[in-house]
Amino acid sequence: MGNTLAGWLQALALVGALALCYRPLGDYIARILTTSKHLRVERGIYKVIGVDGDADQRWPVYLRSVIAFSAVSVLFLYGLIRLQGYLLLSLGVPQMDGHQAWNTAISFVANTNWQSYAGESAMGHLAQMAGLAVQNFVSAAVGIAVVAALIRGFTRNRTDRLGNFWVDLIRINLRLLLPISILFALVLAGAGVVQNFHGFTDVTTLGNEVQRIPGGPVASQEVIKLLGTNGGGFFNANSAHPFENPTGFSNLVEIFLILLIPFALPRTFGRMVGDNRQGYAILSVMGLFWIASTALLTVAELQHHGSALQAAGAAMEGKEQRFGIAASTLFASSTTLTSTGAVNSFHDSFTPFGGGLTVFNMMLGEIAPGGVGSGLYGMLVLAVVAVFVAGLMVGRTPEYLGKKLGGREMKFASLYILTTPTLVLVGTGVAMALPGERAGMLNSGAHGFSEVLYAFTSAANNNGSAFGGLTVNTDWYDTALGLAMIFGRLLPIVFVLALAGSLAQQQPVPATPGTLPTHKPLFVGLLSGVILIVVGLTYFPALALGPIAEGLS
498 MGNTLAGWLQ ALALVGALAL CYRPLGDYIA RILTTSKHLR VERGIYKVIG
548 VDGDADQRWP VYLRSVIAFS AVSVLFLYGL IRLQGYLLLS LGVPQMDGHQ
598 AWNTAISFVA NTNWQSYAGE SAMGHLAQMA GLAVQNFVSA AVGIAVVAAL
648 IRGFTRNRTD RLGNFWVDLI RINLRLLLPI SILFALVLAG AGVVQNFHGF
698 TDVTTLGNEV QRIPGGPVAS QEVIKLLGTN GGGFFNANSA HPFENPTGFS
748 NLVEIFLILL IPFALPRTFG RMVGDNRQGY AILSVMGLFW IASTALLTVA
798 ELQHHGSALQ AAGAAMEGKE QRFGIAASTL FASSTTLTST GAVNSFHDSF
848 TPFGGGLTVF NMMLGEIAPG GVGSGLYGML VLAVVAVFVA GLMVGRTPEY
898 LGKKLGGREM KFASLYILTT PTLVLVGTGV AMALPGERAG MLNSGAHGFS
948 EVLYAFTSAA NNNGSAFGGL TVNTDWYDTA LGLAMIFGRL LPIVFVLALA
998 GSLAQQQPVP ATPGTLPTHK PLFVGLLSGV ILIVVGLTYF PALALGPIAE
1048 GLS
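Numbering (the working numbering), first residue to last: 498 to 1050.
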C-alpha cells in the first residue's frame, strides 16, 4: 500500500472516530459546564484558593479573573525557566536568557507554544513537567471556560452573571483534560512514544562515534500538547521526531487528539442553547473548511513541477518518509486550522501554494475547528457578523438565538475581528522595515517575506508553528512576537466576554417569520461566505506579496 493511499485511509478513519465521539463527548462537556454539583476534590480546591463555588461572576469580574490568572502564570513560568539550573531534574541545562524566557512564558500561557529553542537542550525535566505541561492544561481550560461564558450569554436573560471562572477552570481540568490525557498517554507509550526520566544516554553508533540520545516524560506531555491544541514539542523536531511520533498509528492518534475537543464543542453549544441543530450548523462550516483545506493542501504537495519533484513523485522535501504526503498534509491542515502549532513535516519546505495554505488557515482565525474553546468562540463571533449582514440585506433588526444584535454587540464583534489582523500586519510591516530584522530571513524575496508573515500570523493567532528559515531568537523578535502572542490572546477574550455580558442582559425576543433560521444550509453558506470575504479583504495584499507571488513566479 502506498503512502498516499494509506494517508487517505487514515483521513477516513479519523473522520469516523471523530463522528463517534461527537455526541457523547459534546454532551459530557455540556454537563461539566452546567451541573451545579461539585466533586469533593473540587470543593477542597475551592476552599484552599478561597472561592465560593456557587457564586456567579459578572463579566468584568470573570475577565479580571482570566487576566489575573494569566499574569500569575506568566510570572511563575518565567521564574521557573530562569531558575531551572538550580532546581531538581535540570539535567545540567544552562539558564535561558531573559528575553527568551519571557517569550517562552508568554507563549505557553497564551496557548501558543511558540518555541525559539530546541526543547531537548534548553529545558530540564522539571521545567517541562511543572512548567510547560501544566500550562498546556490550564491554558486550554481557559479557552473552554471563555466559550462557556459566551454560550451562557446566549442562554441567560436579564442578568449580568456568566458563571464562575475558577469553577470552570478546575472542572475542565479535573473532569475533562486529565482523564483523557491519562488514557491516551498510555496509548502513545504503547505505540512507542518515549516515557522515562533517563535524561541523556550516550550510545556508540555503527560508525564508532558517541551520540547522546535524549529521553524524558514525552508521552505524557505529548497528549496534552495535542489535546489542548498547544503544540510545543518536547523535542526540536516536534511530531516529526520518532520519539514523539514513531509510527503511522501514533500519527493518526495525534491528529485525532488535535481535533477531538474542538469538533465536539459545537455539540456542547447545541446542548447548552437547547437546540442541537445550531451545533450541527456550526459543525458543518468547520467541517467544510477542514475538508477543503486538507484536499487543497494535499493536491498542492502532490504536484510534480520540476525535475526533483518528478523524481520523488511529490514535494517530499521536509516530509517524513514514514508518513508520506497525505498523512503530512492531513497533520498540517489540522494543526494550522487549530491553534496547535505541532508539526510532523516542515512548512517552509512545502510548495509555495501549499505553504500559503497553511498561512491562510491561520488567517481564518483558526476556527475550523480552531483551538479548544477559542475556535468555537471565534466562529460564534463570525456567526454574529453573518446574522448582522443578513439583517442588513432584508432591512430588519438582526437576531441570533433570540438575542438582538445592535450597535453595542457589533462593536465588540468588529473589534474582535480587527484585533488579530492588526497585530499580524503591523508586526510584519515593522519587521520588514527594519534592516536588522530583514537580515534574519534565510531567503530573500517573496519566500523571505512569507517567513516573516508566517511568524506573526502564527504568534497573533496563538498557533505556535514556525515556517522556518527565520532567525527569531533575537531580543527584537522575542519581544515583538511575545507582544503579538499576549495581545492576540487576551484582547479577543476581552471582546468575547464583553459581548457575552451584553447578550446576557437582554430580554429574549420570540422568533418570527422574518427571523433568519440559523440551523439551515442557507446560514451555513452565508457564514462560510462571510468568513472568506472577511479574510480575503483583510489579508489578500499580504498573501499576494508572499506565497502567491512565489507560486506564480
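Think of the CB as a built atom: it goes at the ideal place given N, C-alpha and C, for glycine as much as any other residue.
State the DSSP-derived secondary structure class of residue i, mapped to helix, strand or coil.
i     : result
K901  : strand
V715  : helix
I721  : helix
I529  : helix
L509  : helix
E814  : coil
E863  : coil
L1013 : coil
E906  : helix
L931  : coil
M620  : coil
E948  : helix
L879  : helix
L967  : strand
E896  : strand
Note down the Cα distance separating residue i from residue j, rounded to an integer number of angstroms.
i     : j     : result
F753  : P1010 : 41 Å
P866  : L898  : 21 Å
A602  : D972  : 15 Å
L834  : V770  : 25 Å
D699  : S825  : 31 Å
M876  : W505  : 27 Å
G725  : F885  : 32 Å
C518  : A778  : 17 Å
L723  : I755  : 5 Å
P711  : N773  : 48 Å
A977  : K534  : 44 Å
R893  : G903  : 11 Å
A598  : I578  : 6 Å
A880  : E906  : 12 Å
A627  : G745  : 30 Å
M783  : F760  : 8 Å
F828  : N858  : 13 Å
V512  : I788  : 10 Å
I677  : V720  : 9 Å
L609  : L502  : Residue 609 is actually Thr in this sequence, not Leu. Cα-Cα distance, rounded: 33 Å.
L584  : V606  : 21 Å
V548  : A514  : 38 Å
F964  : E617  : 20 Å
G650  : F1020 : 21 Å
F766  : A552  : 23 Å
T1015 : R528  : 24 Å
Looking only at its chain, what residues have a beta carbon closer than 6 Å to the beta carbon of residue i, apart from the 5 residues adjacent to it on each side?
i    : result
A957 : T917, L920, V921, A981, G985
S830 : S790, T791, L794
G550 : H535, Y543, V664
I864 : G872, G875, M876
G621 : Q581, L586, S587, L588, V590
G945 : M938
G815 : S842, F843, S846
Within the same chain, show all residues whose beta-carbon is closer than 8 Å to that of residue i, passing over the 5 residues directly before and after it, in chain order.
i     : result
L671  : L536, V538, E539
R555  : D657, R658, L659, G998
R520  : R764
A510  : L749
L762  : G523, I526, I641, V644, P866, V869, G870, G872, L873
P1005 : N654, G899, K900
A508  : T791, A823, L827
Does the ligand ATP have a heavy atom nearer than 7 Å to the CB of residue i?
i    : result
N600 : Within the structure as shown, the ligand ATP is missing, as the structure has no ligands at all.
- Task: Mind listing, in chain order, the continuous alpha helix (DSSP H) runs of no fewer than 4 residues lying wholly within the segment 546-614?
- Result: With a minimum length of 4 residues, the continuous alpha helix (DSSP H) runs that stay inside the segment 546-614 are 556-580, 595-606.
- Item | Every unbroken alpha helix (DSSP H) inside the segment 670-713 [4 residues or more] | Entirely contained in the segment 670-713, the alpha helix (DSSP H) runs reaching 4 residues are, in chain order, 675-687.
- Query: Taking only runs of the alpha helix (DSSP H) that begin and end inside the segment 625-669, which ones reach a length of at least 4 residues, in chain order?
  - Reply: The qualifying runs are 631-652, 662-668.
- Quick check: the segment 737-754 against the segment 841-849, are there 3 or more CB pairs under 8 Å? With the cut-off at 8 Å, the segment 737-754 and the segment 841-849 touch.
- Touch test, the segment 611-621 against the segment 959-973, Cβ-Cβ under 8 Å, three pairs minimum: The segment 611-621 makes contact with the segment 959-973, as at least three CB pairs between them are under 8 Å.
- Is it true that the segment 1029-1038 meets the segment 904-912, where meeting means three or more beta-carbon pairs spaced less than 8 Å apart? Three or more beta-carbon pairs separated by less than 8 Å are not found between the segment 1029-1038 and the segment 904-912, which leaves the two stretches without contact.
- Query: Is there contact between the segment 1018-1028 and the segment 779-787, where contact requires at least three CB pairs shorter than 8 Å?
  - Reply: Cβ pair count under 8 Å is three or more, so yes.
- Query: Is there contact between the segment 557-564 and the segment 661-677, where contact requires at least three CB pairs shorter than 8 Å?
  - Reply: Two segments are said to touch when three or more pairs of C-beta atoms, one from each, lie closer than 8 Å; by this definition the segment 557-564 touches the segment 661-677.
- Query: Are the segment 817-824 and the segment 845-852 in contact at 8 Å, needing three or more beta carbon pairs?
  - Reply: Segments in contact, no.
- Task: Report yes or no: do three or more beta-carbon pairs, one from the segment 942-952 and one from the segment 1036-1048, lie closer than 8 Å?
- Result: They touch, by the three-pair rule.
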